[in-house]
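Reviewing the structure listed below.
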Ligand code: SF4
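Numbering (UniProt numbering), first residue to last: 194 to 582.
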């Protein structure tokens, strides 16, 4: 409702009021549309007696509806869109001699770091927005239009494993590409758990429900975004199709998986191309490869990678700052397995195979990197000054 929309201090105030913003918003004329991030589904259950890594997606959808959400969507759909855009950007950079290596841009913790400490590498960042921001922009444009709802009356909420996501929604004018705040409010996994408890909902016994269509369905590639190496694997699945015109016979790309702090290697794309990749997780581990890119540039060369994924949290978003407390390596590995199980359970394993993704391109965006896609799904970055005392 209005109190939620205009609350100057955001979620904390709303939580401390003891009620829920969702409940308030649902009593008003606002249409509440909520999205949940990939990593939430393999962790929220821990707050209610489930084992780490147990997938509770259907129960989370139900809980959100009981809390007052009118529509529940999935950030995994946004992740599929990110792959379409970011993968196409990569193929374009490679074929047209653009700046390489391309660096992922979906982690706001990493974006804070690079824009402060490696501004010379901003040109390497993918211009694709994060899945959350794409989902928000799509909710207030394509979806609102389709539903005949005035986007001014849509309240867009994102449940995230991440505290940095709260800052991301206010980053700059690109986060208002719909003409409104594309995402109005971010709540963490822990905050959602707290709201569920406050409202007396017995999470464990909730029935499972389906996500709302058509911006909720996701592929396996979308769900592994929460794991270190997941964005890389998802991108390779789709880039392979873009380059060869056919799909991988086995979408499990084991060489990019694992726990190593800086994993790198080369993927042969059916003899047509070689994709040299790097995967880094944990901000402290990024320095080595970032310096390698910087030093190569200083010599007028380029570091030997086409695409590098960087996630600020060790293990990726499954171990984000907004997840249930007490995350250790055992819990990391269980949540990771949960994400790969969710991937395997998906009827479609690649973002470009997602029928809802195909539909939104044919009905609205036309093609990846189109003018409309650039306006709503891409952004740009500026150097952020570092203040020293
Ligand atoms: Fe947030 Fe961590 Fe995921 Fe980055 S890796 S988006 S900081 S949870």
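Don't be surprised by glycine CBs; every beta carbon is placed ideally from N, CA and C.
Quick check: the Cα distance between residue 550 and residue 544, rounded to an integer number of angstroms? Taking the chain shown and counting its residues from 1, one reaches residue 550 at position 357. Taking the chain shown and counting its residues from 1, one reaches residue 544 at position 351. Cα to Cα, the separation comes out at about 7 angstroms.
What's the C-alpha gap between residue 300 and residue 342? What you label residue 300 is simply residue 107 of the chain shown in a count that begins at 1. What you label residue 342 is simply residue 149 of the chain shown in a count that begins at 1. Computed Cα separation, rounded: 30 angstroms.
Are the beta-carbon atoms belonging to residue 539 and residue 230 less than 8 angstroms from one another? Along the chain shown, one-based indexing puts residue 539 at 346. Along the chain shown, one-based indexing puts residue 230 at 37. No, the Cβ-Cβ distance between residue 539 and residue 230 is not below 8 angstroms.
How many whole angstroms separate the CB atoms of residue 382 and residue 233, which I take to be in contact at a CB cut-off of 8 angstroms? Taking the chain shown and counting its residues from 1, the one referred to as residue 382 is at position 189. Taking the chain shown and counting its residues from 1, the one referred to as residue 233 is at position 40. About 5 angstroms separates the two Cβ atoms, so the contact holds.
Using the Cβ count rule (16 or more neighbours within 10 Å means buried), how would you classify residue 535? Numbered from 1 along the chain shown, position 342 holds the residue referred to as residue 535. The residue is buried, with at least 16 neighbouring Cβ atoms inside 10 Å.
Compute every distance between the C-beta of residue 357 and the non-hydrogen atoms of the ligand SF4, then say whether any falls below 7 angstroms. As a working mapping, residue 357 is identified with position 164 in the chain shown. True, at least one ligand heavy atom lies under 7 angstroms from that Cβ.
Looking at the structure shown, is residue 243 part of a helix, part of a strand, or coil, going by DSSP? The residue given as residue 243 occupies position 50 in the chain shown. Note: residue 243 maps to coil in three-state DSSP.
In chain order, what residues of the same chain lie with their CB nearer than 8 angstroms to the CB of residue 410, ignoring the 5 residues before and after it? Position 217 of the chain shown, counting from 1, holds the residue named residue 410. 267, 270, 404, 547, 548 and 549.
Is DSSP giving residue 313 helix, strand or coil here? Here residue 313 refers to the residue found at position 120 when the chain shown is read from its first residue. Residue 313 falls in the helix class under three-state DSSP.
Comparing alpha-carbon positions, which option in 250, 258 and 281 lies nearest residue 560? Locating residue 560 in the chain shown gives position 367, where the first residue counts as 1. Ranking the options by Cα distance to residue 560, first place goes to 281.
Quick one: what does DSSP say residue 234 is sitting in, helix, strand or coil? Looking up residue 234 in the chain shown gives position 41. Helix at residue 234.
Given a threshold of 16 other Cβ atoms within 10 Å of its Cβ, counted over all protein chains shown, does residue 379 qualify as buried or as exposed? Taking the chain shown and counting its residues from 1, the one referred to as residue 379 is at position 186. Classification for residue 379: buried.
Apart from the five residues on each side of it in sequence, which residues of its chain come closer than 7 angstroms, Cβ to Cβ, to residue 572? On the chain shown, position 379 is the one that residue 572 refers to. Excluding sequence neighbours, residue 572 sits near 320, 322 and 367.
Looking at residue 592: is its Cβ nearer than 8 angstroms to the Cβ of residue 569? Beyond the ends of the chain as shown, which are 194 and 582, falls residue 592; an answer cannot be given.
Is the separation between the beta-carbon of residue 244 and that of residue 527 shorter than 8 angstroms? Locating residue 244 in the chain shown gives position 51, counting from the first residue. Locating residue 527 in the chain shown gives position 334, counting from the first residue. The answer is yes: Cβ separation under 8 angstroms.
Neighbourhood of residue 202 by C-beta, 7 angstroms cutoff - its chain only, sequence neighbours within 5 removed: On the chain shown, residue 202 is found 9 positions in, with the first residue counted as 1. Reliability fails at residue 202, whose pLDDT of 40 lies under 50, so the model's placement of it is uncertain and no value is given.
Beta-carbon proximity of residue 238 to residue 249, cut-off 8 angstroms: If you number the chain shown from 1, residue 238 lands on position 45. If you number the chain shown from 1, residue 249 lands on position 56. Contact flag set, yes.
Please state the DSSP three-state secondary structure of residue 378. The count along the chain shown starts at 1 and reaches residue 378 at position 185. Strand.
Whose C-beta lies closer than 8 angstroms to the C-beta of residue 413 among residues of the same chain, with five residues either side of it excluded? Position 220 of the chain shown, counting from 1, holds the residue named residue 413. Excluding residues within five positions, the ones whose Cβ falls inside 8 angstroms are 444, 535, 536, 537, 538, 539, 541, 542 and 543.
Would you call residue 579 buried or exposed, if buried means 16 or more other Cβ atoms sit within 10 Å of its Cβ? Translated into positions along the chain shown, residue 579 becomes position 386. Exposed, since its Cβ has fewer than 16 Cβ neighbours within 10 Å.
Pick helix, strand or coil for residue 291, following the three-state DSSP scheme. Position 98 of the chain shown, counted from the first residue, corresponds to residue 291. DSSP places residue 291 in coil when its eight states are reduced to three.
Which stretch, first to last residue, makes up the beta strand (DSSP E) that contains residue 502? If you number the chain shown from 1, residue 502 lands on position 309. From DSSP, the beta strand (DSSP E) with residue 502 extends over 500-504.
Cβ of residue 517 within 8 angstroms of Cβ of residue 240? Counted from its first residue, the chain shown places residue 517 at position 324. Counted from its first residue, the chain shown places residue 240 at position 47. Against a cut-off of 8 angstroms, the Cβ pair of residue 240 and residue 517 comes out as a contact.
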